[in-house]
Each structure stands twice: as structure tokens, then as C-alpha cells.
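Residue numbers (our numbering), protein chains in the order written: chain A, 24 to 150; chain B, 24 to 150. Glycine included, each C-beta is placed from N, C-alpha and C at the ideal position. This one's a predicted model, so the numbers in the text were calculated from it and none came from an experiment.
There are 2 protein chains.
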Amino acid sequence: MENRTVPPAGAEDAPACEAFCVHDEITRRALQKLPEENLLFDLAELYKMFGDSTRVKILFLLFEEEMCVCDIAESLGMTTSAISHQLRILKNAKLVTYRREGKSVIYALADDHVSKILELGLEHICE
Amino acid sequence: MENRTVPPAGAEDAPACEAFCVHDEITRRALQKLPEENLLFDLAELYKMFGDSTRVKILFLLFEEEMCVCDIAESLGMTTSAISHQLRILKNAKLVTYRREGKSVIYALADDHVSKILELGLEHICE
DNA sequence: ACAACATTTGAACAACTGTTCAAGTGTTAT
DNA sequence: ATAACACTTGAACAGTTGTTCAAATGTTGT
Chain A
24 MENRTVPPAG AEDAPACEAF CVHDEITRRA LQKLPEENLL FDLAELYKMF
74 GDSTRVKILF LLFEEEMCVC DIAESLGMTT SAISHQLRIL KNAKLVTYRR
124 EGKSVIYALA DDHVSKILEL GLEHICE
Chain B
24 MENRTVPPAG AEDAPACEAF CVHDEITRRA LQKLPEENLL FDLAELYKMF
74 GDSTRVKILF LLFEEEMCVC DIAESLGMTT SAISHQLRIL KNAKLVTYRR
124 EGKSVIYALA DDHVSKILEL GLEHICE
């Protein structure tokens, strides 16, 4: 990381905030590279999907193979209603797809971005 | 993905649920590979950190360079109190580190897992 | 048409989350 | 010691979230 105590040549070296409270140089540069509002919002929405135990479990199950609502519910020891609600959320976020097969509805991961994200998270935790 | 309509040899081919409601084969296999409860919980907790706009913005700012609370607050147009609360959450999750420097407290990303996760998310959205 | 089953849906509820506000702590300079 | 500033903290509040329950929809076999 950079050494904040050695300001770039030409910058005033006061590390204090306030009157020039904000370090104009720093905030201007940082803001310039900040992705735009909408993108950041969508990104947070995406991660929100992974931010619930039940949904993460569902995604891991589907990572192995596609499953019907009934099987997912049984696997996790939850009601089909609860699972269905979560699947709708995941479906809206385009993280899972589904198809009807007789009485059942089979859900599957939408693409392999999803599994990559799961794996990267696990990697971080197990480091 | 696998073709669920062609069951492995030896398995009964009834796609129906119920009496054998749950597809024992399938759920048993899926459950076997499911990471254990605690790990999944921690994973969800990790992603929860990225599941809020404000926190994502803070992380992106820190991705560019370390900053004090005051600068972050100014950059995002929020109060230092709100930012401080979020920084505490990120600090508890070990996603950021901090050090005191005079009156200021400088925050920085804890490691580059964080930036990798942010990048992967962006990649998914911008696909 | 009917019964049985798999799934979805909506309302209701408790639990959780993020921001605000006011008061607190810690640091520096006078 | 005092004042000024940077930051933190706790309580309170509104808004959001996940599960439950009951009722509805869709599909299949008789």
C-alpha cells in the first residue's frame, strides 16, 4: 500500500483535517476512480444474494446438481414455502434458472460466475 | 450441467416426489458435498459485508488508497458517524485495518482478497 | 371432473440493519 | 487546563428481511 505520510510533491503536508478538513487531493483522486452509483448499487444487490445462509446453502446444493424445490427443502430441513420464497429472490437476481418437469420445478445455477464467487469467498475464509 | 432426466443406472426413474417424495439419491449426494453449517454461516456473513451500498463504496475508496474517516465521509457525502459505524463493522469482519495518525484514524483494506471479491462481482455485473 | 401432489403467493410477524442524534473519548496545540 | 478537532459510541427510529401460515395455482393420473 502507499505511504500516506509522504505526500506527493507539491501537496501541503498537513495531515490534519478540517479547515482543509478534507484532503482535497486524496478525495478527488479516490472519487474519480469510484464506479458510478448505479453500478455500486447493483454490486451490493448481487452480494446481498450471497449474504443469507439459506440462499448460500441453496446455491451450494445447486452447484452440485440441479434440484427440485422439494429436494432442496428436504436437504435443508426447511419448508418448501421458505425455499420457494428464496428461489424467487435468486431467480429475480438471475442467479438461478428453472424449468418445469411434470409436477416438479427444477432449479439450476444460472452461470458459473456464481460458483466462482462462492469459491472465492470460501478461499478467503479458509485462508 | 448434468442431465437430470437420465438418471444413473440402477436408480429408479420416477421423477415424481412424495412417497419417495425426496429423491434420496440426489439429496444424499448433494448433502455430502455441502460444506458444514458453520462454514456456510461464515461465508454468508462475509458476503453480507459487501451487501450494502455504503460499505461497498467505502471498500472501493480504500481500494485506491488508505483514507481517514473524515475523507471517506466527505467523499460519500455522509456523516462521519455513519461512516464510523460501518467501518467498525468492516473492521470486525477483518476486511479493513486502521492506524491512528495524530487526530486522524487511517483505514485501509486488510488484504487483497477483498479487492478480488469486488472485481469478480463487477465482472459478473458488467458481463 | 376430481383427488393428490409440487410449487407459488400474499399477509403477518419478529428479527435485523443502517442512519441519525447527542454525548462520549482521544489527540494536538495554545 | 482548555479549546478545537477527529473519531467513536449508544440509544432510538424507520425501513428491510426471512420465515410461517393459509390459501391459491399448476400438473398429473383416475
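To be precise: take each residue of the segment 85-110 of chain A, compare its Cβ to all Cβ atoms of chain B, and keep it if any distance is under 7 Å. Which residues remain?
Cβ contacts with chain B come from 87, 88, 89, 90, 91, 93, 94, 97, 98.
Check whether chain B comes within 8 Å of residue 123 of chain A, counting only Cβ atoms and requiring the distance to be less than that.
If you number the first sequence from 1, residue 123 of chain A lands on position 100. It does not; no Cβ of chain B falls within 8 Å.
For chain B, is any of its Cβ atoms less than 8 Å away from the one on residue 56 of chain A?
As a working mapping, residue 56 of chain A is identified with position 33 in the first sequence. Chain B contact via Cβ: present.
Please confirm if the segment 88-106 of chain B is in contact with the segment 124-131 of chain A, defined as three or more CB-CB distances below 8 Å between the two stretches.
No, the segment 88-106 of chain B is not in contact with the segment 124-131 of chain A.
Please determine, among B:49, B:134, B:73, B:143, the residue with the shortest C-alpha to C-alpha distance to residue 109 of chain B.
As a first step, residue 109 of chain B is located in the second sequence; it is residue number 86 there, counting from the start. For residue 109 of chain B, the nearest C-alpha among the options comes from B:73.
Below 6 Å CB to CB, which residues in the same chain sit around residue 43 of chain B once its five sequence neighbours on both sides are set aside?
The residue given as residue 43 of chain B occupies position 20 in the second sequence. Only weak support is given to the placement of residue 43 of chain B: the predicted model assigns it a pLDDT of 48, under 50, and the question is left unresolved by the model.
Alpha carbon to alpha carbon, how far is residue 100 of chain B from residue 144 of chain A? Give it in angstroms, no decimals.
As a position in the first sequence, residue 144 of chain A is number 121, starting the count at 1. As a position in the second sequence, residue 100 of chain B is number 77, starting the count at 1. About 30 Å.
By Cβ distance, which residues of its chain are closer than 8 Å to residue 128 of chain A, with the 5 residues on each side in sequence left out?
By one-based count along the first sequence, residue 128 of chain A stands at place 105. Excluding positions up to five away in sequence, the list reads 91, 92, 121, 122.
Buried or exposed: where does residue 105 of chain B fall if 16 or more other Cβ atoms within 10 Å of its Cβ makes it buried?
Taking the second sequence and counting its residues from 1, the one referred to as residue 105 of chain B is at position 82. The residue is exposed, with fewer than 16 neighbouring Cβ atoms inside 10 Å.
Considering just the uninterrupted stretch of the beta strand (DSSP E) at residue 131 of chain A, what are its terminal residues?
Taking the first residue of the first sequence as 1, we reach residue 131 of chain A at position 108. 127-132 is the span of the beta strand (DSSP E), which, as asked, contains residue 131 of chain A.
Pick from B:76, B:52, B:60, B:82 that is closest to residue 137 of chain B, judged by C-alpha positions
The residue labelled residue 137 of chain B in the question sits at position 114 within the second sequence. Comparing Cα-Cα distances from residue 137 of chain B to each of B:76, B:52, B:60, B:82, the minimum goes to B:82.
How is the beta strand (DSSP E) around residue 124 of chain B delimited, first residue to last?
Position 101 of the second sequence, counted from the start, is the residue given in the question as residue 124 of chain B. Note, residue 124 of chain B: beta strand (DSSP E), 119-124.
Find the residues of chain A that neighbour residue 128 of chain B, judging by a C-beta separation of less than 7 Å, and give them in chain order.
On the second sequence, position 105 is the one that residue 128 of chain B refers to. Residues of chain A passing the Cβ test: none, with the nearest at roughly 11 Å.
Between residue 79 of chain A and residue 67 of chain B, which are expected to be in contact by the criterion C-beta below 8 Å, what is the C-beta distance as a whole number of angstroms?
Against the first sequence, residue 79 of chain A aligns to sequence position 56. Against the second sequence, residue 67 of chain B aligns to sequence position 44. At roughly 5 Å, the Cβ-Cβ gap stays under 8 Å, so residue 79 of chain A and residue 67 of chain B are in contact.
Backbone CA spacing between residue 60 of chain B and residue 149 of chain A [nearest angstrom]:
To locate residue 60 of chain B, count along the second sequence from 1; it is residue 37. To locate residue 149 of chain A, count along the first sequence from 1; it is residue 126. Going from the Cα of residue 60 of chain B to the Cα of residue 149 of chain A covers about 14 Å.
Which residues mark the beginning and the end of the alpha helix (DSSP H) in which residue 135 of chain B is found?
Start at 1 with the first residue of the second sequence, and residue 135 of chain B comes out as number 112. Unbroken alpha helix (DSSP H) run through residue 135 of chain B: 135-149.
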